[in-house]
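Visitor: Numbering (the numbering used here), first residue to last: 23 to 256. Built from N, CA and C at the ideal position, the CB exists for glycine as well. Quick caveat, the model's predicted, so the values are computed rather than measured.
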Amino acid sequence: MKQRKLCVLSQNMLKIIAAVCMVIDHIGAELFPDLTILRIIGRLSFPLFSYFIYEGCKYTHNKLRYFLQVFALGILCIIGYYVYSREIFLNVLITFSLSICVLYVVKFFKGKASGSVGRGALGAVLSIACILAVYVLCNWIRVDYGFFGIMLPVFAEIFDDGSKQNKVMPLAGFSIGLLLLAIDRGGTQYFGLFAIVLLALYSGERGKWRMKYFFYWFYPLHLIVIGAISAVIG
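1) Output the distance between the C-alpha atoms of Lys-132 and Gly-64, rounded to the nearest integer angstrom.
2) Go ahead and label Ile-265 buried or exposed: buried means 16 or more other beta carbons lie within 10 angstroms of its beta carbon, across all protein chains shown.
3) Nearest CA to the CA of Ala-253: which residue from Val-165, Ile-97, Ile-49 and Met-191?
4) Measuring only from the beta carbon, is Gly-96 closer than 7 Å to any heavy atom that is part of the ligand FMN?
5) Return yes when the Cβ of Gly-229 is within less than 8 Å of the Cβ of Ser-32, no when it is not.
6) Since Lys-37 is in the alpha helix (DSSP H), which residue starts that stretch and which ends it?
7) Going along the chain, which residues of its own chain have a beta-carbon closer than 7 Å to the beta-carbon of Val-198, five neighbours each way excluded?
8) With DSSP collapsed to three states, give me the class of Val-30.
9) Mapping the DSSP letters down to three states, classify Lys-24 as helix, strand or coil.
10) For Tyr-16, which three-state DSSP category applies?
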């Protein structure tokens, strides 16, 4: 009972925190590049959203639609960024799209592996092959947050024992992934480790309001607003 009382943050609350941190981060990057504190605050955003990519893949009833929603919005952002800067940037939604692909592969072979050593070994080999393919891709093209950014929610799935009540193991796996991401990216990315504290307070509940599509569209819309302000004052 005491542990349940400590878990006071709903999914909506954590996503709102992540969205606010993301805005602060992008304001710092675009408008106030000398204010490092803004980038430090922003390091909380990616881990929080990443954890809910893991949860989204776990609980969604329509896996293809979930992937297509994230991927299509990522493509729209690529097009918008190219029109604005004449550069192709594989944004965080493309990172999450690749995460979803790897998550589906790992989840599929984890399901097939139950009760069979041979199928378990084959599933492990094919899952590793998929992860290696993503690693090669990240060495060929630049994806936002890189290989360990893509793999971050996958670490939670790898440690997931299938119990809805036990969030300790997925969070432990996620923490390992977050540490590897911080080591890989260095600098202010280490501050992203504080996201573990917030996730430890996660209640497992969505919250009162259904805000999924708000968060989908918040990413491109806030970039448009910040880009417009930068163009006006620049």
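Guide: Once the coordinates are examined:
1) Roughly 34 Å separates the two Cα atoms.
2) The structure shown does not extend to residue 265, since the chain spans only 23 to 256, so no value can be given for it.
3) If we check each option's Cα against that of Ala-253, Ile-49 comes out closest.
4) Questions concerning the ligand FMN fall outside what the structure shown contains, since it holds no ligand whatsoever.
5) The answer is yes: Cβ separation under 8 Å.
6) For Lys-37, the uninterrupted alpha helix (DSSP H) segment begins and ends at 33–52.
7) A quick correction: the sequence has Ile, not Val, at residue 198. Hits under 7 Å: Phe-177.
8) Coil.
9) Because the pLDDT at Lys-24 is just 44, under 50, the model does not fix this residue reliably, and the point stays unresolved.
10) The question about residue 16 has no answer, for the chain in this structure spans 23 to 256.
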